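Residue numbers (the working numbering): 4 to 181.
Even glycine gets a Cβ: it sits at the ideal position worked out from N, Cα and C.
Predicted model, so just to flag it, every value in this text is computed and none were measured.
Okay, structure first, notes after.
Right, dumping it as structure tokens:
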């Protein structure tokens with residue numbers, strides 16, 4: 004490698020480090036439980052699946068998307084889940100889209116399926132196992148409440164990394180075994 008290539012490489016690495024630090028700072032303002040940035044893509048569009056019409060509806064969310072780890076929950080957090088507030092206590096990972104269209108950001112909490120199985124739930128609080136798959140160019144994520152979202156990621160390499168990282172998050176073990 005020559006000096007020009009080394010300089011460009013160092014500049015790219017410095018820019019990536021700066022971008023990650025900046026994104027981490029911004030995300031921690033939205034989620035105080037932010038721990039570590041796992042995956043990032045600069046352009047994503049969010050779709051939501053409409054069960055009634057059986058079609059995808061484009062939302063008003065598009066921009067940079069980050070997948071991050073949240074502070075680990077303790078064994079005592081694995082309680083009876085009665086409300087959305089209780090559900091927040093077991094979220095180990097988060098997806099956040101920093102919206103370019105308006106000030107509202109999209110966020111989605113992720114829980115390893117092993118952890119969601121350890122919790123007990125109120126009878127009137129339906130919880131589903133989380134799932135992720137790739138369908139054409141759309142990463143499809145089903146959340147704990149059964150809502151289905153499509154993440155269209157412009158960069159194919161970022162799309163595949165994001166998909167595999169979400170799979171790892173959903174299939175990871177409980178915090179006590181890490």
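Under the DSSP definition of a beta bridge, which residues are partnered with residue i?
i	result
residue 110	99
residue 153	50 and 143
residue 173	None, per the DSSP bridge assignment.
residue 134	145
residue 39	72
residue 92	None; residue 92 has no bridge partner.
residue 44	68
What number of angstroms, rounded off, separates the C-alpha of residue i from the C-alpha of residue j?
i	j	result
residue 122	residue 54	27 angstroms
residue 30	residue 57	33 angstroms
residue 113	residue 103	23 angstroms
residue 92	residue 160	32 angstroms
residue 173	residue 145	11 angstroms
residue 52	residue 72	26 angstroms
residue 130	residue 116	11 angstroms
residue 13	residue 27	21 angstroms
residue 149	residue 143	12 angstroms
residue 180	residue 36	Low local confidence applies: a pLDDT of 42 at residue 180 is under 50, so the model's placement there is unreliable, with the coordinate-based value given in what follows. In a straight line, the C-alpha of residue 180 is about 20 angstroms away from that of residue 36.
residue 17	residue 85	46 angstroms
residue 69	residue 99	5 angstroms
residue 175	residue 49	25 angstroms
residue 170	residue 101	22 angstroms
residue 89	residue 62	27 angstroms
Using DSSP with H/G/I as helix, E/B as strand and the rest coil, what is residue i?
i	result
residue 60	strand
residue 161	helix
residue 28	helix
residue 55	coil
residue 116	helix
residue 167	helix
If you pair each beta-carbon of the stretch 126 to 142 with each one of the stretch 164 to 174, do three or more pairs fall below 8 angstroms? Between the stretch 126 to 142 and the stretch 164 to 174, the count of C-beta pairs closer than 8 angstroms reaches three or more; the two stretches touch.
Indicate whether the contact test is met: 3 or more Cβ pairs, each with one atom in the stretch 33 to 41 and one in the stretch 146 to 153, closer than 8 angstroms. Contact fails between the stretch 33 to 41 and the stretch 146 to 153, because fewer than three Cβ pairs, one in each stretch, are under 8 angstroms apart.
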